[in-house]
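Chemist: I'd like to ask some things about the structure below.
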Amino acid sequence: MFQDARLAGLLFLAAIAVESLALAAAALAGSVAASCLASAVRADRGLLRAGMFGFNGALSALAMIHFLAPGSPAWAMAILASCGSTILMLALTAGLARWKLPALTAPFVLTTLAALLASAHLGGLLTAHRAEAGASSAVAAPDGAISAATLGEGVLNGVAQVFFLGNPVSGLLLVAGLLAASRRASAAALMGSLIGFLAGRAMGAPEAELRAGAFGFNSALCAIALASVLLVPGRRAQVHALLAAVLAPFVGVGCSAALGALGLPALTLPFVLTTWTFLLLDRFVPAEAALTDGRDARA
92 MFQDARLAGL
102 LFLAAIAVES
112 LALAAAALAG
122 SVAASCLASA
132 VRADRGLLRA
142 GMFGFNGALS
152 ALAMIHFLAP
162 GSPAWAMAIL
172 ASCGSTILML
182 ALTAGLARWK
192 LPALTAPFVL
202 TTLAALLASA
212 HLGGLLTAHR
222 AEAGASSAVA
232 APDGAISAAT
242 LGEGVLNGVA
252 QVFFLGNPVS
262 GLLLVAGLLA
272 ASRRASAAAL
282 MGSLIGFLAG
292 RAMGAPEAEL
302 RAGAFGFNSA
312 LCAIALASVL
322 LVPGRRAQVH
332 ALLAAVLAPF
342 VGVGCSAALG
352 ALGLPALTLP
362 FVLTTWTFLL
372 LDRFVPAEAA
382 LTDGRDARA
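Numbering-wise, the working numbering comes out as the position in the sequence shown, counting from 1, plus 91.
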(Lines of atoms letter the chains of each structure in order from A and count residues from 1; the text may use other names and numbers.)
(Lines give C-alpha, C1' and ligand atoms only; values in the text may rest on other atoms or scores of the structure.)
Protein backbone atom coordinates (compact mmCIF):
# COMPACT_ATOMS: atom_id res chain seq x y z
CA MET A 1 0.00 0.00 0.00
CA PHE A 2 2.95 2.27 -0.84
CA GLN A 3 4.08 2.91 2.75
CA ASP A 4 7.76 2.72 3.65
CA ALA A 5 7.11 2.42 7.39
CA ARG A 6 7.65 -0.53 9.70
CA LEU A 7 4.73 0.36 11.99
CA ALA A 8 2.41 0.41 8.99
CA GLY A 9 3.73 -3.02 7.98
CA LEU A 10 3.09 -4.41 11.45
CA LEU A 11 -0.47 -3.09 11.48
CA PHE A 12 -1.05 -4.51 8.00
CA LEU A 13 0.19 -7.89 9.21
CA ALA A 14 -2.09 -7.64 12.26
CA ALA A 15 -5.03 -6.90 9.94
CA ILE A 16 -4.32 -10.09 8.02
CA ALA A 17 -3.87 -12.14 11.21
CA VAL A 18 -7.25 -10.97 12.55
CA GLU A 19 -8.91 -12.81 9.68
CA SER A 20 -6.53 -15.75 9.29
CA LEU A 21 -3.25 -16.79 10.85
CA ALA A 22 -2.58 -18.92 7.77
CA LEU A 23 -2.88 -15.85 5.53
CA ALA A 24 -0.60 -13.88 7.85
CA ALA A 25 1.98 -16.69 7.70
CA ALA A 26 1.65 -16.73 3.90
CA ALA A 27 2.23 -12.97 3.69
CA LEU A 28 5.39 -13.26 5.79
CA ALA A 29 6.66 -16.31 3.91
CA GLY A 30 5.99 -14.68 0.55
CA SER A 31 7.75 -11.48 1.51
CA VAL A 32 10.77 -13.38 2.84
CA ALA A 33 11.02 -15.66 -0.21
CA ALA A 34 10.71 -12.79 -2.69
CA SER A 35 13.20 -10.62 -0.80
CA CYS A 36 15.73 -13.44 -0.42
CA LEU A 37 15.66 -14.13 -4.15
CA ALA A 38 16.07 -10.42 -4.88
CA SER A 39 19.08 -10.34 -2.56
CA ALA A 40 20.55 -13.45 -4.18
CA VAL A 41 20.44 -11.85 -7.65
CA ARG A 42 21.97 -8.65 -6.23
CA ALA A 43 18.97 -6.38 -6.67
CA ASP A 44 19.32 -2.79 -5.54
CA ARG A 45 19.77 -2.87 -1.77
CA GLY A 46 17.87 0.35 -1.21
CA LEU A 47 14.82 -1.00 -3.04
CA LEU A 48 15.18 -4.31 -1.24
CA ARG A 49 15.32 -2.64 2.17
CA ALA A 50 12.26 -0.53 1.32
CA GLY A 51 10.23 -3.68 0.65
CA MET A 52 9.89 -3.09 -3.08
CA PHE A 53 10.31 -6.80 -3.81
CA GLY A 54 8.53 -8.18 -0.76
CA PHE A 55 5.08 -6.73 -1.35
CA ASN A 56 4.44 -8.54 -4.63
CA GLY A 57 5.75 -11.73 -3.04
CA ALA A 58 3.45 -11.31 -0.06
CA LEU A 59 0.42 -10.73 -2.29
CA SER A 60 1.29 -13.69 -4.51
CA ALA A 61 1.57 -16.01 -1.52
CA LEU A 62 -1.69 -14.69 -0.07
CA ALA A 63 -3.45 -15.39 -3.36
CA MET A 64 -2.24 -19.00 -3.46
CA ILE A 65 -3.48 -19.72 0.07
CA HIS A 66 -6.72 -17.84 -0.61
CA PHE A 67 -7.60 -19.51 -3.92
CA LEU A 68 -6.06 -22.99 -3.75
CA ALA A 69 -7.31 -25.96 -1.77
CA PRO A 70 -5.64 -26.21 1.66
CA GLY A 71 -2.55 -28.40 1.86
CA SER A 72 1.16 -28.58 1.16
CA PRO A 73 0.79 -28.09 -2.63
CA ALA A 74 -0.79 -24.69 -1.99
CA TRP A 75 2.13 -23.67 0.24
CA ALA A 76 4.63 -24.86 -2.35
CA MET A 77 2.83 -22.81 -4.98
CA ALA A 78 2.87 -19.83 -2.60
CA ILE A 79 6.67 -19.90 -2.37
CA LEU A 80 7.10 -20.48 -6.11
CA ALA A 81 4.72 -17.65 -6.97
CA SER A 82 6.51 -15.31 -4.57
CA CYS A 83 9.85 -16.02 -6.22
CA GLY A 84 8.27 -15.66 -9.64
CA SER A 85 6.99 -12.21 -8.69
CA THR A 86 10.55 -11.09 -7.96
CA ILE A 87 11.75 -12.17 -11.39
CA LEU A 88 8.86 -10.33 -13.02
CA MET A 89 9.46 -7.29 -10.83
CA LEU A 90 13.03 -7.04 -12.09
CA ALA A 91 11.97 -7.54 -15.72
CA LEU A 92 9.02 -5.14 -15.63
CA THR A 93 10.96 -2.45 -13.79
CA ALA A 94 13.59 -2.50 -16.53
CA GLY A 95 11.04 -2.75 -19.34
CA LEU A 96 8.82 0.08 -18.09
CA ALA A 97 11.71 2.44 -17.33
CA ARG A 98 11.53 4.10 -20.76
CA TRP A 99 7.98 5.27 -19.97
CA LYS A 100 8.89 6.09 -16.36
CA LEU A 101 6.18 3.76 -15.09
CA PRO A 102 6.40 1.72 -11.88
CA ALA A 103 5.64 -2.00 -11.97
CA LEU A 104 3.06 -1.59 -9.18
CA THR A 105 1.34 -4.94 -8.50
CA ALA A 106 1.68 -6.17 -12.10
CA PRO A 107 4.24 -8.85 -11.05
CA PHE A 108 1.74 -10.20 -8.51
CA VAL A 109 -1.12 -10.16 -11.03
CA LEU A 110 0.79 -11.90 -13.81
CA THR A 111 2.41 -14.46 -11.52
CA THR A 112 -0.85 -15.29 -9.74
CA LEU A 113 -2.87 -15.66 -12.94
CA ALA A 114 -0.21 -17.98 -14.39
CA ALA A 115 -0.05 -20.00 -11.16
CA LEU A 116 -3.83 -20.36 -10.95
CA LEU A 117 -4.00 -21.53 -14.56
CA ALA A 118 -1.21 -24.03 -13.94
CA SER A 119 -2.84 -25.29 -10.73
CA ALA A 120 -6.17 -25.86 -12.45
CA HIS A 121 -4.48 -27.72 -15.30
CA LEU A 122 -2.12 -29.85 -13.21
CA GLY A 123 -4.37 -31.09 -10.49
CA GLY A 124 -7.60 -29.24 -9.91
CA LEU A 125 -6.19 -27.39 -6.91
CA LEU A 126 -8.44 -24.40 -7.44
CA THR A 127 -11.25 -23.77 -5.01
CA ALA A 128 -14.27 -21.68 -5.89
CA HIS A 129 -13.41 -18.02 -6.29
CA ARG A 130 -14.89 -15.82 -3.62
CA ALA A 131 -17.09 -12.96 -4.73
CA GLU A 132 -14.89 -10.37 -3.03
CA ALA A 133 -11.81 -11.37 -5.03
CA GLY A 134 -12.83 -9.07 -7.86
CA ALA A 135 -15.71 -7.11 -9.25
CA SER A 136 -18.47 -9.16 -10.77
CA SER A 137 -18.53 -9.33 -14.55
CA ALA A 138 -22.30 -8.94 -14.48
CA VAL A 139 -24.53 -6.28 -13.03
CA ALA A 140 -28.00 -6.70 -11.62
CA ALA A 141 -30.83 -4.52 -10.51
CA PRO A 142 -30.17 -2.75 -7.17
CA ASP A 143 -31.53 -4.56 -4.16
CA GLY A 144 -33.10 -1.40 -2.75
CA ALA A 145 -31.94 1.28 -0.34
CA ILE A 146 -28.44 0.86 1.03
CA SER A 147 -28.19 1.24 4.80
CA ALA A 148 -25.51 3.26 6.58
CA ALA A 149 -24.20 0.02 8.09
CA THR A 150 -23.77 -1.52 4.64
CA LEU A 151 -22.00 1.63 3.43
CA GLY A 152 -19.58 1.70 6.37
CA GLU A 153 -18.85 -2.00 6.17
CA GLY A 154 -18.44 -1.84 2.41
CA VAL A 155 -15.96 1.04 2.56
CA LEU A 156 -13.79 -0.67 5.20
CA ASN A 157 -13.99 -4.01 3.41
CA GLY A 158 -12.98 -2.24 0.22
CA VAL A 159 -9.67 -1.37 1.88
CA ALA A 160 -9.37 -4.86 3.39
CA GLN A 161 -9.85 -6.59 0.03
CA VAL A 162 -6.41 -5.36 -1.05
CA PHE A 163 -5.16 -8.33 1.01
CA PHE A 164 -8.10 -10.69 0.26
CA LEU A 165 -9.66 -9.88 3.63
CA GLY A 166 -13.37 -9.61 4.23
CA ASN A 167 -14.07 -8.01 7.59
CA PRO A 168 -14.28 -4.36 8.69
CA VAL A 169 -11.94 -4.88 11.67
CA SER A 170 -9.15 -5.73 9.24
CA GLY A 171 -10.11 -2.68 7.22
CA LEU A 172 -9.83 -0.49 10.32
CA LEU A 173 -6.37 -1.86 11.11
CA LEU A 174 -5.24 -1.22 7.53
CA VAL A 175 -6.52 2.36 7.70
CA ALA A 176 -4.71 2.75 11.03
CA GLY A 177 -1.51 1.49 9.42
CA LEU A 178 -1.89 3.99 6.60
CA LEU A 179 -2.62 6.76 9.11
CA ALA A 180 0.53 5.90 11.07
CA ALA A 181 2.57 6.50 7.92
CA SER A 182 0.59 9.15 6.03
CA ARG A 183 -2.64 11.01 6.75
CA ARG A 184 -2.96 11.76 3.04
CA ALA A 185 -2.70 8.06 2.18
CA SER A 186 -5.29 7.01 4.76
CA ALA A 187 -7.74 9.66 3.58
CA ALA A 188 -7.15 8.64 -0.04
CA ALA A 189 -7.79 4.98 0.75
CA LEU A 190 -11.14 5.73 2.40
CA MET A 191 -12.12 8.14 -0.37
CA GLY A 192 -11.18 5.65 -3.07
CA SER A 193 -13.05 2.80 -1.42
CA LEU A 194 -16.14 4.99 -1.01
CA ILE A 195 -16.02 5.99 -4.68
CA GLY A 196 -15.66 2.34 -5.69
CA PHE A 197 -18.66 1.46 -3.53
CA LEU A 198 -20.75 4.20 -5.13
CA ALA A 199 -19.64 3.20 -8.64
CA GLY A 200 -20.64 -0.39 -7.95
CA ARG A 201 -23.97 0.83 -6.66
CA ALA A 202 -24.46 2.93 -9.79
CA MET A 203 -23.83 -0.17 -11.91
CA GLY A 204 -26.52 -2.06 -9.99
CA ALA A 205 -24.25 -4.44 -8.09
CA PRO A 206 -25.94 -6.63 -5.45
CA GLU A 207 -25.74 -5.41 -1.87
CA ALA A 208 -23.71 -8.47 -0.83
CA GLU A 209 -20.91 -7.59 -3.27
CA LEU A 210 -20.98 -3.95 -2.22
CA ARG A 211 -20.78 -4.93 1.45
CA ALA A 212 -17.89 -7.29 0.70
CA GLY A 213 -15.85 -4.44 -0.78
CA ALA A 214 -15.62 -6.04 -4.22
CA PHE A 215 -15.70 -2.68 -5.99
CA GLY A 216 -13.60 -0.67 -3.53
CA PHE A 217 -10.11 -2.11 -3.36
CA ASN A 218 -8.89 -1.15 -6.83
CA SER A 219 -10.25 2.37 -6.39
CA ALA A 220 -8.59 2.64 -2.98
CA LEU A 221 -5.21 1.65 -4.44
CA CYS A 222 -5.59 4.10 -7.33
CA ALA A 223 -6.39 6.92 -4.93
CA ILE A 224 -3.44 6.16 -2.64
CA ALA A 225 -1.03 5.87 -5.57
CA LEU A 226 -2.01 9.04 -7.38
CA ALA A 227 -3.02 11.34 -4.53
CA SER A 228 -0.20 10.61 -2.11
CA VAL A 229 2.72 8.78 -3.73
CA LEU A 230 3.35 8.83 -7.46
CA LEU A 231 2.32 12.38 -8.40
CA VAL A 232 3.35 15.71 -6.95
CA PRO A 233 0.76 16.52 -4.27
CA GLY A 234 -1.67 19.19 -5.39
CA ARG A 235 -4.95 19.82 -7.16
CA ARG A 236 -3.90 18.03 -10.36
CA ALA A 237 -2.94 14.89 -8.41
CA GLN A 238 -6.22 14.99 -6.50
CA VAL A 239 -8.24 15.30 -9.70
CA HIS A 240 -6.36 12.39 -11.28
CA ALA A 241 -6.86 10.30 -8.15
CA LEU A 242 -10.59 11.06 -8.13
CA LEU A 243 -11.04 10.22 -11.80
CA ALA A 244 -8.98 7.03 -11.48
CA ALA A 245 -11.04 5.90 -8.48
CA VAL A 246 -14.22 6.40 -10.52
CA LEU A 247 -12.83 4.58 -13.57
CA ALA A 248 -11.30 1.57 -11.79
CA PRO A 249 -14.58 -0.26 -10.96
CA PHE A 250 -15.68 -0.07 -14.59
CA VAL A 251 -12.30 -1.36 -15.73
CA GLY A 252 -12.70 -4.06 -13.10
CA VAL A 253 -15.98 -5.25 -14.55
CA GLY A 254 -14.38 -5.46 -18.00
CA CYS A 255 -11.35 -7.34 -16.71
CA SER A 256 -13.57 -9.72 -14.75
CA ALA A 257 -15.67 -10.41 -17.83
CA ALA A 258 -12.57 -11.17 -19.91
CA LEU A 259 -10.75 -13.27 -17.30
CA GLY A 260 -13.94 -14.92 -16.04
CA ALA A 261 -14.09 -16.93 -19.26
CA LEU A 262 -10.94 -18.67 -18.00
CA GLY A 263 -12.24 -18.95 -14.46
CA LEU A 264 -9.75 -16.34 -13.23
CA PRO A 265 -10.23 -13.31 -10.96
CA ALA A 266 -9.24 -9.80 -12.04
CA LEU A 267 -7.20 -9.23 -8.86
CA THR A 268 -5.59 -5.74 -8.92
CA LEU A 269 -5.26 -5.61 -12.71
CA PRO A 270 -7.82 -2.76 -12.91
CA PHE A 271 -5.68 -0.74 -10.48
CA VAL A 272 -2.54 -1.34 -12.53
CA LEU A 273 -4.13 -0.44 -15.87
CA THR A 274 -5.95 2.61 -14.53
CA THR A 275 -2.94 3.97 -12.64
CA TRP A 276 -0.63 3.50 -15.63
CA THR A 277 -3.14 5.39 -17.77
CA PHE A 278 -3.19 8.41 -15.48
CA LEU A 279 0.57 8.37 -14.99
CA LEU A 280 1.03 8.45 -18.77
CA LEU A 281 -1.51 11.26 -18.96
CA ASP A 282 0.48 13.20 -16.38
CA ARG A 283 3.75 12.55 -18.24
CA PHE A 284 2.59 13.49 -21.73
CA VAL A 285 0.00 16.19 -20.95
CA PRO A 286 1.87 18.72 -18.78
CA ALA A 287 -0.12 20.86 -16.38
CA GLU A 288 0.82 23.99 -18.31
CA ALA A 289 -0.72 22.57 -21.49
CA ALA A 290 -3.91 21.63 -19.68
CA LEU A 291 -4.20 25.14 -18.24
CA THR A 292 -3.59 26.69 -21.64
CA ASP A 293 -6.26 24.51 -23.22
CA GLY A 294 -8.64 25.56 -20.48
CA ARG A 295 -8.00 29.26 -21.08
CA ASP A 296 -8.43 28.80 -24.85
CA ALA A 297 -11.74 27.01 -24.32
CA ARG A 298 -13.02 29.81 -22.05
CA ALA A 299 -11.92 32.41 -24.60
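Cβ atoms here follow ideal geometry from the backbone N, Cα and C, with glycine treated the same way. Since this is a predicted model, take the numbers as computed values, not measurements.
1. Below 9 Å between beta carbons: does that hold for G257 and S284?
2. In whole angstroms, what is the alpha-carbon distance linking I107 and A115?
3. For V260 and G268, what's the separation of their Cα atoms in angstroms?
4. Identify, in the order they occur along the chain, each residue of the same chain with its Cβ nearer than 8 Å to the Cβ of L98, setting aside the five sequence neighbours on each side.
5. For E223, is the classification buried or exposed, using 16 other Cβ atoms within 10 angstroms of its Cβ as the cut-off for buried?
6. Taking the alpha helix (DSSP H) that F308 falls in, what are its first and last residues?
7. To which residues of the same chain is V109 closer than 6 Å at the C-beta, ignoring the five residues directly before and after it?
8. Extract the residue ranges of the beta strand (DSSP E) inside the region 146-198, only unbroken runs of 3 or more that lie entirely within it.
9. Got a sec, what are the start and stop residues for the alpha helix (DSSP H) F375 sits in?
10. Report the rounded CA-to-CA distance for G287 versus N147, giving the unit in angstroms.
11. Is G351 close to chain C, meaning its C-beta is less than 9 Å from at least one C-beta of that chain?
12. Near W367, which residues of its chain fall below 6 Å by C-beta distance, leaving aside the five closest residues on each side in sequence?
13. Where does the unbroken alpha helix (DSSP H) through M282 begin, and where does it stop?
14. Exposed or buried, F375, counting other C-beta atoms within 10 Å across all chains shown (16 or more means buried)?
15. For V266, count neighbouring Cβ atoms within 10 angstroms of its own Cβ and tell me buried if that reaches 16, exposed if not.
16. Is A93 helix, strand or coil by DSSP?
17. Note down, in chain order, each residue of its chain lying with its Cβ closer than 7 Å to the Cβ of A332, except the 5 sequence neighbours on either side.
18. Exposed or buried, L112, counting other C-beta atoms within 10 Å across all chains shown (16 or more means buried)?
19. Give me the Cα-Cα distance between C174 and L358, rounded to the nearest whole angstrom.
20. Measuring CA to CA, which of A152, L159, S122 and A209 is closest to F144?
Modeler: Let me lay it out:
1. Here residue 257 is taken as the residue at index 166 of the sequence shown, counted from 1. Here residue 284 is taken as the residue at index 193 of the sequence shown, counted from 1. When the beta-carbon positions are compared, G257 and S284 stay at least 9 Å from each other.
2. As a first step, residue 107 must be located in the sequence shown, where it is residue number 16. As a first step, residue 115 must be located in the sequence shown, where it is residue number 24. Spanning the two alpha carbons is a distance of roughly 5 Å.
3. To locate residue 260, count along the sequence shown from 1; it is residue 169. To locate residue 268, count along the sequence shown from 1; it is residue 177. Roughly 12 Å separates the two Cα atoms.
4. As a working mapping, residue 98 is identified with position 7 in the sequence shown. Excluding residues within five positions, the ones whose Cβ falls inside 8 Å are G268, A271 and A272.
5. Residue numbering aside, residue 223 sits at position 132 when the sequence shown is read from its first letter. Bear in mind that the predicted position of E223 carries a pLDDT of just 38, short of 50, making it unreliable; the figure below should be weighed with that in mind. Buried.
6. Numbered from its first residue, the sequence shown carries residue 308 at position 217. Run containing F308: F308 to I315, per the alpha helix (DSSP H) assignment.
7. Counted from its first residue, the sequence shown places residue 109 at position 18. For V109, the CB contacts under 6 Å within the same chain, skipping 5 residues up- and downstream, are V260 and S261 in chain order.
8. Runs found: none.
9. On the sequence shown, position 284 is the one that residue 375 refers to. Per DSSP, F375 belongs to the alpha helix (DSSP H) from L360 to F375.
10. Position 196 of the sequence shown, counted from the first residue, corresponds to residue 287. Position 56 of the sequence shown, counted from the first residue, corresponds to residue 147. Spanning the two alpha carbons is a distance of roughly 23 Å.
11. Absent from the structure is chain C; it holds one protein chain and no more.
12. By one-based count along the sequence shown, residue 367 stands at place 276. If we look at W367 and ignore the five residues flanking it on each side, its Cβ neighbours are L192.
13. Position 191 of the sequence shown holds residue 282. It spans R274 to A293 - the alpha helix (DSSP H) in which M282 sits, taken as one unbroken run.
14. As a first step, residue 375 is located in the sequence shown; it is residue number 284 there, counting from the start. With fewer than 16 other Cβ atoms within 10 Å, it is exposed.
15. By 1-based counting over the sequence shown, the position of residue 266 is 175. The residue is buried, with at least 16 neighbouring Cβ atoms inside 10 Å.
16. Here residue 93 refers to the residue found at position 2 of the sequence shown. Correcting the residue identity first, residue 93 is Phe in this sequence and not Ala. If DSSP states are grouped into helix, strand and coil, F93 belongs with coil.
17. Indexing the sequence shown from 1 puts residue 332 at position 241. Around A332: A279, C313, A314, L317 and A318.
18. Position 21 of the sequence shown, counted from the first residue, corresponds to residue 112. Counting Cβ neighbours within 10 Å, L112 comes out exposed, since fewer than 16 surround it.
19. One-based indexing of the sequence shown puts residue 174 at position 83. One-based indexing of the sequence shown puts residue 358 at position 267. Using only the alpha carbons, I get a separation of about 19 Å.
20. Taking the first residue of the sequence shown as 1, we reach residue 144 at position 53. Ranking the options by Cα distance to F144, first place goes to S122.
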